[in-house]
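Here's the structure, in structure tokens; my notes come after.
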Amino acid sequence: MRQRLAFAALAWLALCGAAADGDLQRVMHLLGAQRHRQARFVERQYLAVLDRPLESRGELLYDAPDRLEQRTLQPRRESMIVAGERLIVDHGGRRRVLDLRAYPQIAPFIDSLRDTLAGNRPALAHAFAITFRGDVRRWTLLLTPKSAALARAVSQIRIDGAGGDLLRVEIRQTDGDHSSMRIENGGAP
Amino acid sequence: MRLRGAAPIALWLLLLAAAALFAARARYIADMSAFLPAHPTADQQLLVDQLREGPASRVILIAVEGADAPMRARLSKALAQQLRGDGEFLSVENGAAVSRRHDRQFLFRHRYLLSAAVTPQRFTAEGLHAAIETTIDALTSPAGLWLKSLLPRDPTGEMLQLVEQLERGTAPRSADGVWVSAADERALLVAETRAAGSDTDAQQHALAAIRRAFRRAVRATSAPAQAAAGNGAHLRVSGPGVFAVAARAKIERAALRLSILGGALVITLLLAVYRSLPAVLLGLVPVVTGALTGVAAVALIFGEVQGVTLGFGITLIGEAVDYSIYFFIQSGDAAAGGAQERWRRLFWPTVRLGALTSICGFASLLPSGFPGLAQLGVYSISGLAAAAWTTRFVLPRLLPARLPLRNVAPLGEALRARLPRAGLSRGLGAAIMIGSLLVLWLHHGRLWNRDLAALSPISAADRNFDAALRADLGAADVGDIVVAGGGDLQAALRGAERAGATLSRLAGAGVIGGFDSPAVYMPSLATQAARRSSLPDTVSLAANLRRATAGLPLRAARLAPFLHDIAAARKAPALTPADLAGTSMALGLDELMLQSRGKWYALLPLHPPLVAGRVAAINIDRVRRALGGGAVALDIKAQADALYAGYMRNAQRASAVGFGAIALLLCIALRSPARAARVLAPLVLAVLAVTAALELAGLRLTILHLVGMLLIVAVGSNYALFFDRHGAAVDGSAASTIGSLAIANAATVIGFGLLSLSKVPVLQDLGMTVAPGAFLALIFSALLARRSAIDA
Chain P
0 MRQRLAFAAL
10 AWLALCGAAA
20 DGDLQRVMHL
30 LGAQRHRQAR
40 FVERQYLAVL
50 DRPLESRGEL
60 LYDAPDRLEQ
70 RTLQPRRESM
80 IVAGERLIVD
90 HGGRRRVLDL
100 RAYPQIAPFI
110 DSLRDTLAGN
120 RPALAHAFAI
130 TFRGDVRRWT
140 LLLTPKSAAL
150 ARAVSQIRID
160 GAGGDLLRVE
170 IRQTDGDHSS
180 MRIENGGAP
Chain C
0 MRLRGAAPIA
10 LWLLLLAAAA
20 LFAARARYIA
30 DMSAFLPAHP
40 TADQQLLVDQ
50 LREGPASRVI
60 LIAVEGADAP
70 MRARLSKALA
80 QQLRGDGEFL
90 SVENGAAVSR
100 RHDRQFLFRH
110 RYLLSAAVTP
120 QRFTAEGLHA
130 AIETTIDALT
140 SPAGLWLKSL
150 LPRDPTGEML
160 QLVEQLERGT
170 APRSADGVWV
180 SAADERALLV
190 AETRAAGSDT
200 DAQQHALAAI
210 RRAFRRAVRA
220 TSAPAQAAAG
230 NGAHLRVSGP
240 GVFAVAARAK
250 IERAALRLSI
260 LGGALVITLL
270 LAVYRSLPAV
280 LLGLVPVVTG
290 ALTGVAAVAL
300 IFGEVQGVTL
310 GFGITLIGEA
320 VDYSIYFFIQ
330 SGDAAAGGAQ
340 ERWRRLFWPT
350 VRLGALTSIC
360 GFASLLPSGF
370 PGLAQLGVYS
380 ISGLAAAAWT
390 TRFVLPRLLP
400 ARLPLRNVAP
410 LGEALRARLP
420 RAGLSRGLGA
430 AIMIGSLLVL
440 WLHHGRLWNR
450 DLAALSPISA
460 ADRNFDAALR
470 ADLGAADVGD
480 IVVAGGGDLQ
490 AALRGAERAG
500 ATLSRLAGAG
510 VIGGFDSPAV
520 YMPSLATQAA
530 RRSSLPDTVS
540 LAANLRRATA
550 GLPLRAARLA
560 PFLHDIAAAR
570 KAPALTPADL
580 AGTSMALGLD
590 ELMLQSRGKW
600 YALLPLHPPL
610 VAGRVAAINI
620 DRVRRALGGG
630 AVALDIKAQA
640 DALYAGYMRN
650 AQRASAVGFG
660 AIALLLCIAL
670 RSPARAARVL
680 APLVLAVLAV
690 TAALELAGLR
700 LTILHLVGML
710 LIVAVGSNYA
720 LFFDRHGAAV
730 DGSAASTIGS
740 LAIANAATVI
750 GFGLLSLSKV
760 PVLQDLGMTV
770 APGAFLALIF
780 SALLARRSAI
790 DA
């Protein structure tokens, strides 16, 4: 009897795992199906050195497979475009073009978001240990860096979503500082 | 009698030994300084110094190609490490993180002396509030996140200010921690040699060191099994020094190869004519003596020999060999007792007049303000004089008892028989003259090539590769530049700061896109002192901070490290250039400072403005007006073009004077302007015909074409003089005279014909002018000679 119970428990666990894995797969599929995205964002950064969080807002634009633009409108106008391996920062009338690979501490952030948006699970799994919670209607991805270099800066990235939409991206840094970006889908502001 | 006979031989041997010694010990260079003026204006002097010694001249661009990207990055790092340990290089940059970290530490430590934002106003309550607010705003951007950890020490964001201040144009792309080209097909390094770019020997040495280091780097980064075969990666280098070394090697190789080939062909020709090896070898004696004497004279007078001059050496084969040909053939069986005496009496005056004519022509190059032209003059004059002297005084004494030579009179007879009638000749001459003048008149606006690059032996492919590397490295093109001079480093830096203030305004107005300045890396002591005195004492700063942070999310209590750093900065000693050692800013400062003739110059290269997203030209006159008298604005390209135009004018004037001198000499020597005109007519005709032909072939004339024309007159004057004087020889030797001229002409055409096949532009230009020109000079001389003289 105890054996049968243990067996049933195992089977149930395995089934759950399979279901979760199937959900993750479906979410990835839904994410990858959206080739263009445009959304507003509000980001709050909680830095220990500051008494209150910093808030910035603007819009996000995404074009599959690898172009992501974060257009900040407040508190200061700045545009950051990631296209392929290039990071282009426009600020105060100046444009700076950086090589993403030269910044191992920034690149994985951006990659985590881009790979999620592209529904590229293998790439995501390459850099992070993935934990999936919830179901297709309302899900949470917990990404834990695999590489020691990234783990020194970031302890965890949490992405909440519903179906093929992203709702919130939270980045938790090792020093305790963290940021939370709320994403409002549905067209230009 | 025997002693008198031996004296010239002894003198000759002495001359030969001394000349060989000087030629062997001479320094051979091949940079563009041959085409830079010896007595420049102040503006030109700056340009010349910049081109010869300036930091830009010492830069070697290094590319690692082949293999894969990670391997190239490893090789770049290994190569940089090897070269940094080599005393020949002032600096080696490859964008590796080590130097970036070092730079950041340096900048951070000295931020209050280096940041242009440091003014008394910045540390008032209002100033601090604005600065801190800006810094906090920057934190919201992912690109500004690195500022977070610096915030307690640097709340005013001086580090951010410095990063923006130091960003010059577009930084090179980085991959795997090293600089790479835009398309990532090569890793890039920049090395600066200790030696000046004009020191071709030292540059060659430095290049060899780079190649050695690369081989070691390949071995060090390959598995042992691979090491022997290499890993598919290879090295490419570029830069002014690289060009100078390549140009010298190319000219030396071409000159050597063509000299050997030309010599062999001429020897074959002479063997076929003389059928006597001793005669051939003796015939080369004046040539060798002349060439060695020429090089030695140049080395003695100028201290160094230009590659162009060396390439010119081959031309002496063309003219000097003629002397011995005339000597051998015209004296018939030269060894026969009376023959030599007869030659000396009848023909030597003509050869001497011919040599004097040539010397007259080349003497016009001597006063030229350009070392390249003056060297050609010295070389030709001393070489021809030595060759003529050797023919007259040494050659007869070296002759063996019997030297049977083939009679070339039948050849002369045959040629003479083929000459057209006098009337026809004159008609033909007139037709060619009119046709040529017509062509030249139609092309007169674009006769001359005004591009200095036309003379460069560097191929367009190599120049394009250099341009590609510079574009990848974001190195400012040598375009417009502002120069601030001063008696010492500090005065020059202060000048740079004053000019910089004006240039910042111009950049704001869109006249220029921006500029680099050495004062960014190394502010003058005065500026450093001013910045230091802008820093308030701890008590007032703390009070200001409390007011400044009201309403901000950053509490003054967190900024104790800031108070500490400011207190330390108030006591810190001023920075000197030595403090930059080991940072990439040292290279930046070094590139932009120039020391010359006891003065210091700060160089501020200007970036072109963007108009509607496209690079536009800088209005250098507006920059000049804005600067007033404080600093000089130079348009390097225009300056270089002006230099070359001056060089051209100089050479044209010299050639005209030379031609006039030749005409005058002939008038005096022949005692009849009409005869002089008859002698000159075929030469003028040959020059006109060749120039017209070159124009019709779509070539534009360079300075070497001009020198070639002078050579046509120099070589051709012998032909014309012989026809004038000996065509009517009484004893029937006219035929052998014509035969000797034909053979001498063949030797000249062979020598210069070979030059025209060379890939070195200066040699090619010369060959293409002189080979057909000398041939035509002979033909026209024969055609236009008095009919009676030839038919006699």
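Here the protein sequences come in this chain order: P and C.
Per numbering that gives the first Met the number 0, the first sequence starts with residue 0, numbered consecutively.
Per numbering that gives the first Met the number 0, the second sequence starts with residue 0, numbered consecutively.
For glycine and all other residues, C-beta sits at the position ideal for the given N, C-alpha and C.
How big is the Cα-Cα spacing for residue i and residue j?
| i | j | result |
| --- | --- | --- |
| P74/P | D110/P | 25 Å |
| S179/P | D159/P | 11 Å |
| E42/P | V610/C | 36 Å |
| I789/C | L783/C | At I789/C, the pLDDT of 47 sits below 50, so the modelled position is not reliable; the number obtained from the coordinates is stated separately. The alpha-carbon atoms of I789/C and L783/C are separated by roughly 10 Å. |
| F213/C | F369/C | 39 Å |
| A208/C | Q638/C | 34 Å |
| G262/C | A385/C | 19 Å |
| D589/C | Q203/C | 22 Å |
| P52/P | T548/C | 16 Å |
| L99/P | L86/P | 6 Å |
| R351/C | A243/C | 39 Å |
| L753/C | Q763/C | 9 Å |
| T747/C | I480/C | 48 Å |
| E54/P | L166/P | 17 Å |
| A18/C | A298/C | 10 Å |
| T115/P | S75/C | 35 Å |
When you compare each of the options to residue i by their alpha carbons, which one comes out closest?
| i | options | result |
| --- | --- | --- |
| V759/C | R210/C, A245/C and T267/C | A245/C |
| A528/C | A746/C, L112/C and A616/C | L112/C |
| S197/C | S90/C, I28/C, A430/C and F122/C | I28/C |
| I711/C | G587/C, I778/C, R83/C and L669/C | I778/C |
| D487/C | K598/C, T192/C, A194/C and T548/C | K598/C |
| V622/C | S539/C, A556/C and V510/C | V510/C |
| L140/P | R36/P, P107/P and V168/P | V168/P |
| V284/C | R110/C, I324/C and A616/C | I324/C |
| Q44/P | D176/P, N184/P, T115/P and I182/P | D176/P |
| M70/C | E184/C, I667/C and L159/C | E184/C |
| V686/C | A673/C, A770/C, D620/C and S755/C | A770/C |
| T701/C | V393/C, G376/C and N649/C | N649/C |
| L345/C | R724/C, L756/C and A466/C | R724/C |
| S458/C | K249/C, P119/C, L138/C and L775/C | K249/C |
| P399/C | R417/C, L280/C and I300/C | L280/C |
| R531/C | E157/C, R493/C and A571/C | A571/C |
| A792/C | N448/C, S739/C and F721/C | Given a span of 0 to 791 for chain C in the structure shown, any question on residue 792/C remains unanswerable. |
Is the beta carbon of residue j closer than 8 Å to that of residue i?
| i | j | result |
| --- | --- | --- |
| S237/C | F88/C | no |
| L693/C | M767/C | yes |
| V294/C | A713/C | no |
| L633/C | S516/C | no |
| T308/C | G382/C | no |
| L468/C | L60/C | yes |
| A186/C | V63/C | yes |
| A387/C | A354/C | yes |
| L146/C | A137/C | yes |
| R256/C | L234/C | no |
Where DSSP assigns a beta bridge to residue i, which residues make up the other side?
| i | result |
| --- | --- |
| G485/C | W599/C |
| H101/C | Partner(s): none; H101/C has no beta bridge. |
| I182/P | F40/P |
| V168/P | I158/P and M180/P |
| V217/C | V217/C is not bridged to any residue. |
| F131/P | L140/P |
| S90/C | E191/C |
Can you tell me whether residue i sits near the ligand GTP, meaning its C-beta is under 7 Å from at least one heavy atom of the ligand?
| i | result |
| --- | --- |
| A338/C | Ligands displayed in this structure: none; no statement on the ligand GTP is therefore possible. |
Would you list, in sequence order, the uninterrupted alpha helix (DSSP H) runs of no fewer than 4 residues that lie entirely inside the stretch 225–260 of chain C? none
Could you give the uninterrupted runs of the beta strand (DSSP E) lying entirely in the stretch 539–566 of chain C, keeping only those of 3 residues or more? none
Going along the chain, which unbroken runs of the alpha helix (DSSP H) with 4 or more residues stay wholly within the stretch 626–697 of chain C? 635–669 and 672–695
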